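**Q** With UniProt numbering applied, the sequence shown covers 1 to 436. Every residue, glycine too, gets a C-beta built ideally from N, C-alpha and C. These numbers come from a predicted model, not from an experiment. The structure follows.
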Amino acid sequence: MPSLSLCISAAMTGSGKTIFTSALINTLLKKGYSISAGKVGPDYIDPTYSRSLTKRDVFNFDTWAMNENTLDNLMVESSNAADFQIFEGVMGLFDGTSNQQSSTASFVKKYKIPVLLVIDATSQSQTLAAICKGLMSYDPEVDFIGVVLNKVASERHFLLIDEELKKNNINVIGYLPTTPDLVFPRRHLGLHLAHQINEYKSLIDKASAVVMSNIKIDQILSLAKPLKDIRPKKDLPSPINLGQKISIARDEAFSFIYDHTLYQWQKEGRELKFFSPLNDESPDKSSTGIYLPGGYPELHCETISKNKKFLESMNKARIENKIIYGECGGYMVLGESIFNNKNKEYKMLGFLDLITSFHERKLNLGYRKVSANHKCKYFDRKLFLTGHEYHYSTIIKEKGEPLFLEKEKTLSTNGYGLIKKNVFGSFLHLIDQKLK
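Below, the structure is given as structure tokens:
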């Protein structure tokens, strides 16, 4: 029997999707169900919550950035050995690029997945009926199963909203009362990663208890729907070719790694090993390639700059002509130096003619479509590369051969990057590749 599917969405970011999704997953796991989770859109942080609970890969599903074969293959893999697939939407339900590409709505319509709305009830009552009715009538192809009200101030507050919603034939599946200690902390790139929150499991258990008391779990289970039959064709290989043996930096400073990237590499038979620059570890000596992903190096500049074993081993790998690739934060570490939030400069690897600053901040956000420089043999130049840029750090100096040469004409970007022999990187978080 195919797994049952459900997507948690909202009218806007900050409505409570992540904590409700986490609490629902935790509740169903306690009931003995096997759960697979997914995240719509290019997000590294939210999946850490679901992953910590399910102990499974949490793939991102991006209808703008991913080719159809990638989406289908990930969907089939995600559904394996799971009773339920629970997806968390991105931003508001219909928010995305032009024509709602990349939106949660485009994803649920593609795979016929029903939607449960989480609506923030702060400082509103009957007006929420108009908001919900508008969302539910906006696109008849989106299948809604009901509404969960979040941050409800009192029983009377709930009854006022509930009465109006029922008048408009909107199914109310329950509510979450305003609970100040059931909030995930935030910082400059969004929520903290799950493992960085003190007593995270205790917080989720408390949220699950609230869900059990106020949400009609059995109704959610009955309204979830089987995933449609998917027969994926052969998918394109990973867009990032770092050879057969790949060493991957993974710790508090280098944590933005898509599960689908690791899955694709493993599916291709590549050997993956992990190391921690923050713990002054070296990449594996037998590696053909080294991957420095994004994360928060700007918060750990001093430690990175002092870790001689890491710095010296990376320089040895460069001299030995091993492939070295950095994304966003990893790209910054490949440069000469980083200025932290107090405008203090710390020396980095110095492989690229690049200086960046977390003191001079500016938000850079959005999808990017690029082609690789003809001098770079590590990407397929017959294909477009798709990715996402999201950072506050700025470029003080960037000189040399650009890694990427083309972009969407409507987009401004810091994502061109640099390539110098076997070392290359950019501010882009690569997601997939598409035919030109």
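Compare the beta carbon distance of residue 280 and residue 310 with 8 angstroms and say whether it is the shorter of the two.
**A** It is a contact, given that the beta carbons lie within the stated cut-off.
**Q** Helix, strand or coil for residue 351, going by three-state DSSP, please let me know.
**A** If DSSP states are grouped into helix, strand and coil, residue 351 belongs with coil.
**Q** Could you give the uninterrupted runs of the beta strand (DSSP E) lying entirely in the stretch 58-143, keeping only those of 3 residues or more?
**A** Listed in chain order, the complete beta strand (DSSP E) runs (minimum 3 residues) inside the stretch 58-143 are 59-61, 84-88 and 115-120.
**Q** What did DSSP end up calling residue 315 once you bin it into helix, strand or coil?
**A** In the structure shown, residue 315 sits in a helix (DSSP, three-state: H, G or I).
**Q** Once you ignore the five residues that flank residue 188 on each side, which residues in its own chain have a CB closer than 6 angstroms to its CB?
**A** Note that residue 188 scores a pLDDT of 46, beneath 50, so its modelled location is shaky and nothing firm can be said.
**Q** Classify residue 257: buried if its beta carbon has 16 or more other beta carbons within 10 angstroms, exposed otherwise.
**A** It is buried - the Cβ of residue 257 has at least 16 other Cβ atoms within 10 Å.
**Q** Apart from the five residues on each side of it in sequence, which residues of its chain come closer than 6 angstroms, Cβ to Cβ, to residue 190?
**A** Confidence is the limiting factor: at residue 190 the pLDDT is only 46, short of 50, which leaves the residue's position unreliable and the question unanswerable from this model.
**Q** How many Å lie between residue 120 and residue 4 at the Cα?
**A** Whole-angstrom Cα-Cα distance: 26 angstroms.
**Q** In terms of residue numbering, what span does the beta strand (DSSP E) encompassing residue 372 cover?
**A** It spans 364-372 - the beta strand (DSSP E) in which residue 372 sits, taken as one unbroken run.
**Q** Rounded C-beta distance between residue 339 and residue 371? I'm assuming under 8 angstroms.
**A** No, residue 339 and residue 371 are not in contact; Cβ-Cβ is about 31 angstroms, not under 8 angstroms.
**Q** Is it right to say residue 212 is buried, meaning 16 or more other beta carbons lie within 10 angstroms of its own, or is it exposed?
**A** Exposed.
**Q** Just checking my contact of residue 165 with residue 129 at CB under 8 angstroms: how many whole Å lie between their CB atoms?
**A** Contact flag correct, Cβ pair sits at about 5 angstroms.
**Q** Sort out for me which residues DSSP pairs residue 391 with in a bridge.
**A** According to DSSP, which records beta bridges pairwise, residue 391 is partnered with 364.
**Q** One question on the structure: do residue 418 and residue 389 come within less than 8 angstroms of each other, judged by their Cβ atoms?
**A** No, the pair does not count as a contact, with Cβ atoms beyond the cut-off.
**Q** Run through DSSP, which three-state label would residue 290 get?
**A** Three-state DSSP puts residue 290 in a strand.
**Q** Considering just the uninterrupted stretch of the beta strand (DSSP E) at residue 158, what are its terminal residues?
**A** Unbroken run through residue 158 is the alpha helix (DSSP H), 155-167; no beta strand (DSSP E).
**Q** Let me know if residue 322 comes out buried or exposed under the rule of 16 or more other beta-carbons within 10 Å of its beta-carbon.
**A** It counts as buried.
**Q** Three-state secondary structure (DSSP) at residue 18?
**A** Looking at residue 18 - three-state DSSP - the assignment turns out to be helix.
**Q** Assuming contact is defined by CB atoms lying nearer than 8 angstroms, are residue 278 and residue 425 in contact in what I supplied?
**A** Going by C-beta atoms, residue 278 is not nearer than 8 angstroms to residue 425.
**Q** Taking 8 angstroms as the threshold (C-beta atoms), are residue 26 and residue 204 in contact?
**A** It is a contact, given that the beta carbons lie within the stated cut-off.
**Q** Could you have a look at residue 191 and say whether DSSP puts it in helix, strand or coil?
**A** Legend: pLDDT at residue 191 = 49, less than 50; position of this residue unreliable, value from coordinates given subsequently. In the structure shown, residue 191 sits in a strand (DSSP, three-state: E or B).
**Q** For the beta strand (DSSP E) containing residue 432, list its first residue and its last residue.
**A** It spans 429-435 - the beta strand (DSSP E) in which residue 432 sits, taken as one unbroken run.
**Q** With a CB to CB cut of under 7 angstroms and the five nearest residues on each side skipped, what residues in its chain are close to residue 232?
**A** The residues are 69, 72, 73 and 76.
**Q** What span of residues does the alpha helix (DSSP H) with residue 213 cover, start to end?
**A** Counting along the chain, the alpha helix (DSSP H) containing residue 213 begins and ends at 200-214.
**Q** Which whole-angstrom value describes the C-beta separation of residue 172 and residue 9, a residue pair presumed to lie in contact below a C-beta threshold of 8 angstroms?
**A** About 16 angstroms separates the two Cβ atoms, so there is no contact after all.
**Q** Measure the alpha-carbon distance for residue 176 versus residue 163 and round it to whole angstroms.
**A** Approximately 17 angstroms, taken between the alpha carbons.
**Q** So, residue 295 versus residue 329, is the Cβ gap smaller than 8 angstroms?
**A** Yes, these two residues count as a Cβ contact at 8 angstroms.
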